[in-house]
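Remember, my numbering sits 27 above the position in the sequence shown when you count from 1. The block underneath contains the structure these notes are about, expressed in structure tokens.
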Amino acid sequence: MPARLFVLGTFDQAETALYDVDLMRCLHEAGITPAGVVYKRSRPAENPDRPVENGPGPDGRHLIHVHDFNATDLVQRLGELSADLLIYAGGRDLLRGPLLASARLGCIGGHYGRLPEMRGMGTPEWSVLIGQAPTVAVQRMTPGVDVGDVVMQARVPLLSTDNFASIRERSYYLTKTMLALAARRMLLDDVAGTPQAPGVGRQYYRLHPALHLRAERKLTRMLSAAP
């Protein structure tokens with residue numbers, strides 16, 4: 028696929044291994060070859076003050092090491108590289124407007140929670156507390172918190188032996204698969220997603236330990252009652 032897709036993420040693997048992480052494998056299986064990876068390390072001291080580019084290599088792909096995904100130099104470089112789509116691999120970075128607008132189709136990212144009803148943090152636990160099925164969504168990201176156009180979403184399959192740790196692990200792999208499928212759909216069909224209705228849903232925050240315990244108890248009851 029000739030479209031120019033770039034993956035943004037925090038990775039501690041060696042540069043030679045960046046094209047073998049989970050998301051890259053999913054993109055490969057979806058028939059997408061990323062044009063490059065923009066990455067930073069989890070330890071800030073290991074990141075350069077300004078973007079450092081390695082490439083293009085023999086395969087034409089770029090590796091760009093940054094300390095901040097919003098860096099002006101990076102935004103400019105992505106424009107020069109004619110990026111069609113960005114995929115944010117996940118984390119707690121605040122991606123700002125200039126970066127999100129640097130690619131023709133913007134940037135997509137995953138979210139654990141049904142949109143627009145369930146925004147913010149602790150969403151698997153909050154979903155169970157309010158009686159909603161744990162869900163994974165792919166959205167076209169905006170500077171706001173989980174208010175972007177919804178490209179794709181699906182319920183997370185549950186097992187009778189599940190706890191929130193196993194639900195999050197399954198959500199992780201489901202998110203990577205859906206990001207690859209959503210990217211393919213957007214690149215082939217130029218689909219931007221469905222806008223979220225304004226004023227619907229709410230933003231949730233990290234749970235107090237007492238609420239987390241309530242969520243665990245409700246999950247146990249819910250799974251034991253399932254056919």
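Note that the Cβ used here is the ideal one computed from N, Cα and C, for glycine as well.
- Judged by pairs of C-beta atoms under 8 Å, the segment 69 to 79 touches the segment 92 to 100, as three or more such pairs exist.
- The segment 218 to 237 makes no contact with the segment 185 to 201; the number of CB pairs closer than 8 Å stays below 3.
- The bridge partners DSSP lists for Q40 come to none.
- Nearest in C-alpha terms to E144, of all of R52, Q223, Q40, is Q223.
- Setting aside the 5 residues that flank it on each side, M148 is surrounded in the same chain by Y231, Y232, R233, each with a C-beta closer than 7 Å to its C-beta; the list follows chain order.
- Collapsing the DSSP output to three states places D176 in a strand.
- Where A164 is concerned, the enclosing beta strand (DSSP E) starts and stops at 162 to 167.
- Annotated three-state conformation of A207 is helix, per DSSP.
- Cβ atoms of Y115 and G140 stay farther apart than 8 Å, at about 16 Å.
- Taking V227 as the centre and dropping the five residues before and after it, the same chain places the C-beta of P143, E144 closer than 8 Å to its C-beta, in chain order.
- Here the alpha carbon of S154 sits roughly 40 Å from the alpha carbon of L108.
- Proximity to R146 across I91, A128, Q166 peaks at Q166, based on C-alpha coordinates.
- Within the segment 108 to 158, the runs of beta strand (DSSP E) at least 3 residues long that lie entirely inside it are, in chain order, 112 to 115, 134 to 139, 145 to 147.
- Around the beta carbon of L208, 16 or more other beta carbons lie within 10 angstroms, which makes this residue buried.
- The three-state secondary structure of A72, taken from DSSP, is helix.
- Your pair G133 and M168 checks out as a contact, with CB atoms roughly 7 Å apart and the cut at 8 Å.
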